[in-house]
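Shown next, in structure tokens, is the structure this report addresses.
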Amino acid sequence: MKSEQRGVTSPTLHTLPLAPYVSHLTPHILIICLLLITGCGTPQNQPVEFTGPTMGSTYTVTIPVLPEQVSRSGLESQINQILDEINQTMSTYIPESELSRINTSSSTDWISISAQLYEVLAAAQHVSQISNGAFDITVGALVNLWGFGPEPGNQHIPDTRTISDAMQWIGYQYIELQAFPAAVKKRHARTYIDLSGIASGYAADRIADLLDNREIKHYLVDISGEIRSRGRNKLDQIWRIGIEKPLIDRRSVQTIIALDNTGMTTAGDYRNFFVHDGKRYSHTIDPATGWPVSHNLASVTVLDDSAMIADALDTALMVMGPERGYQFAEQENIAALFILADGDNFIQKYTKPFASSLIE
Ligand code: ADP
Ligand code: MG
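Heads up, this note's numbering is the position in the sequence shown plus 219, with the first residue counted as 1.
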């Protein structure tokens, strides 16, 4: 997980020309409020919005009406506390995080871990198994080699020897887990775990749990573009999210999704990449080859009750690509939207369970 973001080509948010119905935007998505003439509410009926930096991007929690018994500042500090704790546990950008300590350890013995790290590692391993290793958190060593990790200014094509060396300690089978007491074991001393493909989804789930526990019935949680929604917005409409057109130099809406009490995450190849000899190398690494994926699938959006599972699945589908990924999503009954580049245009493809969420 990132705590800063580099190699990212998106223009800064405040310079973007925003349509009046877009209330805020994070990577891959635009939060939409469909009251086109008056915008998203008068000053008196503005929803409560908490926002700030997290995981190399931003978070926004929108609550149309805060229940009387819930203190605004108290809730905001609980949200920040949860996000801080997740960063301190799972960030590879924080050298003293729990995950960094495991990554820098060369021990191949059991290492005891927190319950929350166990929960995310177990979910990651589950998605690795069902996706036949397309999603693989041990790809971290390669993410770093290609310059998409915490070390600044290092994006380049590594030499083939360095890639094949690293492949020796990459593979989700190199991670063993134990539930009670929670522990992890690396089968190879150099195995390195990267949770950037799943941790923002987990954070969205944790904040949603907090809001559920505080009996908040209507909310939208957005952690760097990974979403959990419940109920309705201030205008008593179902929450609507714009999925970005996968363009590197502009932000506009490709399609609008209605979110009915669910999680939604998106992975894309058009925000975090570098170009070499006219070819784009993105931050999604195929663990089978050690190279960034190379196909015309520009973004994948997944709906699932768990944003954590959706987040891991969007990365898995990005790795599998347009044909294999689509087949896998159909077979596993995953609600998924694929946006494929076709020359200067984009083509949408979606699975049956996704269809009812598409508004336009
Ligand atoms: P996005 O950042 O576009 O929302 P993802 O959820 O796919 O996308 O997260 C991308 C991050 O996941 C990468 O920056 C990298 O740290 C990590 N990653 C890259 N390839 C894989 C993979 N095959 N399996 C698991 N994580 C990956
Ligand atoms: Mg993901």
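Glycine included, C-beta positions come from ideal geometry on N, C-alpha and C.
Alpha-carbon to alpha-carbon, residue j and residue i
i    : j    : result
E395 : D424 : 24 Å
I298 : G562 : 42 Å
S316 : A402 : 16 Å
K498 : I504 : 15 Å
E338 : M527 : 10 Å
D328 : I412 : 16 Å
I321 : V472 : 40 Å
D533 : D431 : 25 Å
H502 : I467 : 14 Å
Q307 : I313 : 7 Å
I382 : G509 : 6 Å
L577 : T379 : 43 Å
Reference residue i; option with closest CA among the options
i    : options                : result
W365 : P506, Q550, I553       : P506
P541 : A526, D524, P377, L559 : L559
T176 : Y337, Q567, S319       : Within the shown structure, residues of the chain are numbered from 220 to 579, placing residue 176 beyond reach of any answer.
Q567 : F547, V519, Y391       : V519
I250 : A574, T508, T484       : T484
M274 : Q265, L294, E287, L302 : L302
N480 : S324, R459, P286       : R459
Y660 : L340, I248, G352, V358 : In this structure the chain extends from 220 to 579, so residue 660 is not present and cannot be described.
K404 : D378, V284, T357       : T357
E549 : F573, T534, K464       : F573
N552 : V440, T311, A385, K571 : K571
N194 : P465, E268, V289, D455 : The shown model of the chain, from 220 to 579, leaves out residue 194, and the question about it has no answer.
A555 : L336, N564, S575       : S575
F565 : A477, L478, I462       : I462
E445 : L336, W388, A486, T379 : A486
Q296 : T379, D378, G352, L429 : Contrary to the premise, residue 296 reads as Ser rather than Gln in this sequence. Nearest C-alpha to S296: L429.
V280 : I248, Q300, E268, E304 : E268
Y489 : L478, R469, A477       : R469
I389 : G352, Q300, D378       : G352
Cβ-Cβ distance between residue i and residue j below 8 Å
i    : j    : result
V538 : V512 : yes
A529 : L522 : yes
R447 : A427 : yes
M309 : A398 : no
A531 : A343 : yes
P246 : S443 : yes
I330 : I435 : no
G368 : T311 : yes
D441 : Y278 : yes
D455 : G482 : no
R433 : V289 : yes
S325 : A408 : yes
K453 : P266 : yes
Chain B within 8 Å of residue i, Cβ atoms only
i    : result
V521 : Among the chains in the structure shown there is no chain B, since it carries only a single protein chain.
Beta-carbon contacts of residue i that lie in its chain and below 6 Å, excluding the five residues immediately before and after
i    : result
I256 : Below a pLDDT of 50, predicted positions are generally treated as unreliable, and I256, at 39, falls in that range; no measurement from the model is reported.
E579 : I475
S347 : F354, D355, Y391
S350 : A535
Check: residue i C-beta below 7 Å from any heavy atom of ligand 4
i    : result
T484 : Summarising the ligand content, the structure contains ligand 1 and ligand 2 and does not contain ligand 4.
7 Å Cβ shell around residue i - same chain, five flanking residues per side excluded
i    : result
L516 : M537, G540, P541, G544, F557, L559
A334 : A401
E370 : N363
Close Cβ partners of residue i (< 8 Å) along its chain, the five nearest in sequence each way excluded
i    : result
I376 : W365, H495, Y500
R451 : P283, H437, I457, W458
H514 : G540, P541
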